[in-house]
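A.B. asks: 756 is the number that my numbering gives to position 91 of the sequence shown; each next residue is one higher, with no gaps. Even for Gly, the Cβ is constructed at its ideal location relative to N, Cα and C. All values reported here derive from a predicted model rather than from experimental measurement. Following this message is one structure expressed as structure tokens.
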Amino acid sequence: MRKRVHLLIALVLALSLALGVVAMPVAAAVEFNDWGPRVDEIIMPVIKEQTARRIAFERGESVVWSGLTQPADIDQAKSLDFADMRMTLGFHMFYLCFNMREAPLDNIALRQAVAHAVDRDNIIRTLFKGYMLPMTSFVPQASAFYNDDVPTYPFSLEEAARVLDEAGYKLDATGKNRIDPNTGNLLPEMKLLTPTYEVAPTSAELGKMIAESAQKIGLPIVPEPMDFNVMLDKIDMQDFDMYVLAWSLTRNPTHLVNFFHSKNDVEAGYNNPGIRNTKLDELLNRLDMAPDLKTARFAADAAQLVLAQEMPYVPLYSRPYIDAFRKDMVGGYVDMAGYGAANSKNPWTPLNIHRVDEAGNPVEGGTIRWALSEEPDNLNPAVASSAYAWDVLDKLFGELITMHPETLEDMPWMAKKWDVGIWEPAPGREGTTITWYLNEGMKWSDGVPFTAEDVKFTIDFLKDNKVPRYLNYTSDIVKVELIDDYTVTVYFDTVSYWHLYNASLAFLPKHIWKDVTDYKTFEPWNEPHPTMEGYTKLVGHGPFVFKEYRPGEYVRLVKNPYYWRANP
């Protein structure tokens, strides 16, 4: 652990010096308020083109230029006197995913050969001027569960060719194409899906670089940039060979269960590569059902070892979160360890951000503009999958528990406290219980009281409908019991260290969703609210209320008049 801490400190210092940004200090206190919001309205203009986002920031048409990755953008932001640049190491992974369900990518040797053909250092040097962190593991370096003692696949076209040769994928007479030993025919063309250059130029160029490198060893991989939402649909339908994308992860390693357990290999599930490995499933079950931290660490380490051998992904890099704010227009943004200041999973910046006057003094109320880099594909919280959709949704919904921005320790939030207990789902077998004690007087954004019934309804709805995005949360829940209006107990079939977080589902207002018959096609943002004129059925309990979405133009959010933390 000491070695890992020293490594993280060195990475923070090196990156902050290279970037010329303010890095989140290792031992400094982060200042924040636990009430808000302090602005009346957030307008989120949809600005897909990267240069246009830079211009919008420079003109003051967006108070934040978030998620900076391109060196030219970072250098430009550093040159602006009014830009306050913030940086934290992130729970982030950019990766290449294989569809392992069909030949030829069901062959481990082919996947390992591609891993050897990926030149991470050249990608980071060429596309990012060294601003990213090379990643060879399935847990980011910023995580306490990172395991650096796993097999890696250093860049070597010679080694990649040797792996293919030994597996029987020989070159044809031209010396340019590989023959599939299982069919005797040339390997079929394999398409590598990427977002378009207009939306994500580095991702598109990265895909091209990987394809060109693979072609040098006779693998017919070709890049195919496409509309981002079309790409997501193809991935959900398992209609792809390979793709490159990023995950924003969390402090816990449970993403390993979500992404790689065979139970999540379902349409629109998170096991996109379709990996089905009995040994891995056993380890992931152990991780998922770990009764304590020690067991969780062991299982996470062992699972990372299996994944490093199977290579359903090729991890490419982990990026620090680099955001630029207009310090002459706003203040109050909060650095959050592992997430950054502008990431949607950081609940503190939307709560604390405020306008400032010419002297830099806080100004309450008013409107700020916060750019979106892509259309939110779907604003139904039961099915939304893209980071762009959650950039909106995370501002509309609260949580039963939250995290301290500096320590990442659990904090009571909509639940004022909780108890973790044990029960017997069957004679001689133990399961976990989580009892939530809600704050009284909270309301949904339409004024309807938020109670324990909404917690029960959310969990029951997601479980009964087997909603793919939440299968890993609900699969071990046996029942939900109402104690009173503000107390509810969730019963699990198993014992797990993580069930506290699996039980924290409370985002579906019963009075809206009880009449929903098909959650997949329900578009709450497009249906008028039954009693509130000018609002929709996209009802939440966070600091802001959804007001309007004009595709191609903007999303408009307004201050939630019923927000339970509106005052100190």
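What three-state label does DSSP hand Thr1182 in the structure shown?
C.D. replies: coil
A.B. asks: Taking all protein chains shown into account, decide if Lys655 is buried (16 or more other Cβ within 10 angstroms of its Cβ) or exposed.
C.D. replies: Residue numbering for the chain in the displayed model covers 666 to 1233; residue 655 lies beyond these limits and cannot be assessed.
A.B. asks: Taking Glu1095 as part of the beta strand (DSSP E), name the residues at either end of that continuous run.
C.D. replies: 1094 to 1103
A.B. asks: Go ahead and pull the three-state DSSP assignment for Gly725.
C.D. replies: Three-state DSSP puts Gly725 in coil, outside helix and strand.
A.B. asks: Count the other CB atoms within 10 Å of the CB of Leu958; is the residue buried (16 or more) or exposed (fewer)?
C.D. replies: exposed
A.B. asks: Just to confirm, is the Cβ distance from Ile789 to Tyr982 under 8 Å?
C.D. replies: yes
A.B. asks: Going by other Cβ atoms of all chains shown within 10 Å of its Cβ, with 16 needed for buried, is Met709 buried or exposed?
C.D. replies: buried
A.B. asks: Assuming Gly725 and Met994 form a contact by the criterion Cβ under 8 Å, report the distance between their Cβ atoms to the nearest whole angstrom.
C.D. replies: 6 Å
A.B. asks: Could you give the distance in angstroms between the alpha-carbon of Pro1208 and the alpha-carbon of Lys1060?
C.D. replies: When rounded, the distance between both Cα atoms is 6 Å.
A.B. asks: Should Lys841 be labelled buried (16 or more other beta-carbon atoms within 10 Å of its own) or exposed?
C.D. replies: exposed
A.B. asks: Answer yes or no: do Pro769 and Leu852 have a C-beta to C-beta separation smaller than 8 Å?
C.D. replies: Here Pro769 is near Leu852, since their CB atoms are less than 8 Å apart.
A.B. asks: Pro1193: buried (16+ other C-beta within 10 angstroms of its C-beta) or exposed?
C.D. replies: exposed
A.B. asks: Where does Asp813 land, buried or exposed, given buried means 16+ other C-beta within 10 angstroms?
C.D. replies: exposed
A.B. asks: Taking 8 Å as the threshold (C-beta atoms), are Asn1008 and Asn698 in contact?
C.D. replies: Note that the C-beta distance between Asn698 and Asn1008 is not below 8 Å.
A.B. asks: Sorted by chain position, which residues of the same chain lie with C-beta nearer than 7 Å to Met874's C-beta, five sequence neighbours on each side aside?
C.D. replies: Answer for Met874: Ile788, listed in chain order.
A.B. asks: To the nearest angstrom, how far is it from the Cα of Glu932 to the Cα of Asp901?
C.D. replies: 6 Å
A.B. asks: Output the boundary residues of the alpha helix (DSSP H) element that contains Pro866.
C.D. replies: For Pro866, the enclosing alpha helix (DSSP H) starts and ends at 866 to 880.
A.B. asks: Buried or exposed: where does Val804 fall if 16 or more other Cβ atoms within 10 Å of its Cβ makes it buried?
C.D. replies: buried
A.B. asks: Just the Cα atoms here: how many angstroms apart are Asp1056 and Ala1049?
C.D. replies: Each residue's alpha carbon lies about 11 Å from the other.
A.B. asks: Could you tell me how far apart the beta carbons of Arg766 and Gly1003 are, in whole angstroms, since I believe they sit closer than 8 Å?
C.D. replies: Arg766 to Gly1003, Cβ: 32 Å. No contact.
A.B. asks: Just the Cα atoms here: how many angstroms apart are Lys713 and Asn1232?
C.D. replies: 36 Å
A.B. asks: Hey, which unbroken runs of the alpha helix (DSSP H) at 4 residues or more fall wholly within the region 914 to 969?
C.D. replies: 920 to 925, 943 to 953
A.B. asks: Cutting at 7 Å between CB atoms, please list the residues of its own chain near Lys1082, excluding the five before and the five after it.
C.D. replies: Tyr1102
A.B. asks: Could you tell me whether the Cβ atoms of Leu884 and Arg843 are closer together than 8 Å?
C.D. replies: yes
A.B. asks: Excluding the 5 residues preceding and the 5 following Asp1125 in the sequence, name in chain order all residues of the same chain whose CB lies nearer than 8 Å to its CB.
C.D. replies: Cβ-Cβ distances below 8 Å link Asp1125 to Val1145 in the same chain, with the five nearest sequence neighbours on each side left out; the list follows chain order.
A.B. asks: Let me know if Pro860 comes out buried or exposed under the rule of 16 or more other beta-carbons within 10 Å of its beta-carbon.
C.D. replies: buried
A.B. asks: Let me make sure I understand the geometry here. Which of Tyr935, Ala865, Pro816 has the alpha-carbon closest to that of Asp898?
C.D. replies: Ranking Tyr935, Ala865, Pro816 by Cα distance to Asp898 puts Tyr935 first.
A.B. asks: According to DSSP, is Phe793 helix, strand or coil?
C.D. replies: helix
A.B. asks: For Ala692 and Asp988, I'd like the C-alpha separation in whole angstroms.
C.D. replies: Summary for Ala692: the model assigns pLDDT 43, below 50, so the residue's position carries little reliability, and this model does not support an answer.
A.B. asks: Just how far apart, CA to CA, sit Thr801 and Val1153?
C.D. replies: 42 Å
A.B. asks: Where do the ends of the alpha helix (DSSP H) carrying Leu775 lie?
C.D. replies: 773 to 782 is the extent of the alpha helix (DSSP H) around Leu775.
A.B. asks: Whose C-beta lies closer than 7 Å to the C-beta of Thr915 among residues of the same chain, with five residues either side of it excluded?
C.D. replies: Phe756
A.B. asks: Using the C-alpha atoms, what's the distance from Gln903 back to His781?
C.D. replies: So the two alpha carbons sit approximately 25 Å from each other.
A.B. asks: Quick check on the DSSP output: the alpha helix (DSSP H) that includes His1164 runs from which residue to which?
C.D. replies: 1164 to 1167
A.B. asks: Assign Ala964 to one of two classes, buried (16 or more other C-beta atoms within 10 Å of its C-beta) or exposed (fewer than that).
C.D. replies: buried
A.B. asks: On the three-pair Cβ rule with 8 Å, is the region 1196 to 1216 touching the region 1102 to 1120?
C.D. replies: Verdict: yes, contact present.
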